[in-house]
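Report on the structure given below.
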Amino acid sequence: MTGLDDPVIPIGVLAQKVGLSVSAIRRYEKEGLVISHRRGSGHRFFSYEDIQRVRAIQHMIQDLGLNIEGIRRIQALLPCWNLQRCTSEVRSRCPAYRGESAPCWVVKGRA
Numbered sequence: 001m002t003g004l005d006d007p008v009i010p011i012g013v014l015a016q017k018v019g020l021s022v023s024a025i026r027r028y029e030k031e032g033l034v035i036s037h038r039r040g041s042g043h044r045f046f047s048y049e050d051i052q053r054v055r056a057i058q059h060m061i062q063d064l065g066l067n068i069e070g071i072r073r074i075q076a077l078l079p080c081w082n083l084q085r086c087t088s089e090v091r092s093r094c095p096a097y098r099g100e101s102a103p104c105w106v107v108k109g110r111a
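Just so it is clear: in the sequence shown, position 17 is 17 by our numbering, and no numbers are missing.
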C-alpha cells in the first residue's frame, strides 16, 4: 500500500490532475515551492500530498493574488521537515532547522 507522501505520481499526471502545464509544475519546483523526487531515470515523481500542495499554491496565486515570493515566504514559516521526510540526524544539521528564515531546500541551494 502506498502512503500519501510516497512519490508515485509522474509530473504529467500531476499536471493533469491540477489543471496546469508540466512547465508550470517545473517552475514551482525551480522556485522552491514543491519538491520532486527523482528516480534513477531522472523522471520527476510527486506524492498525493503534493497534489494538495500544488492546489494550495494555485489558490494562493489565482484567488488570493499572491506571487511566488509571497508563497515562498509563507512556506518559510512552515517547518520544512513537515514538507519533506528527513531524519532527526539530518534535521540537526539543517540550516533551516537552526533558525534560517527560509525552507531548507532554499537555504541549501544558496550554499
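Each residue gets a CB set at the ideal place from its N, CA and C atoms; glycine is no exception.
Since we're looking at a predicted model, the values are computed, not measured.
- Taking C-beta separations shorter than 8 Å and ignoring five residues to either side along the sequence, the partners of V22 in its chain run I11, G12, A15, following chain order.
- Between V18 and R55, the C-beta gap is smaller than 7 Å, which places the two residues in contact.
- The shortest CA-to-CA distance from E29 to any of G40, F45, R39 is the one to F45.
- For R44, the pairing in a beta bridge is given by DSSP as R38.
- Across the set L78, H37, L66, D63, the C-alpha of H37 shows the shortest separation from the C-alpha of P7.
- Each of L77, G42, I51 was checked against the Cα of I9, and the nearest Cα belongs to I51.
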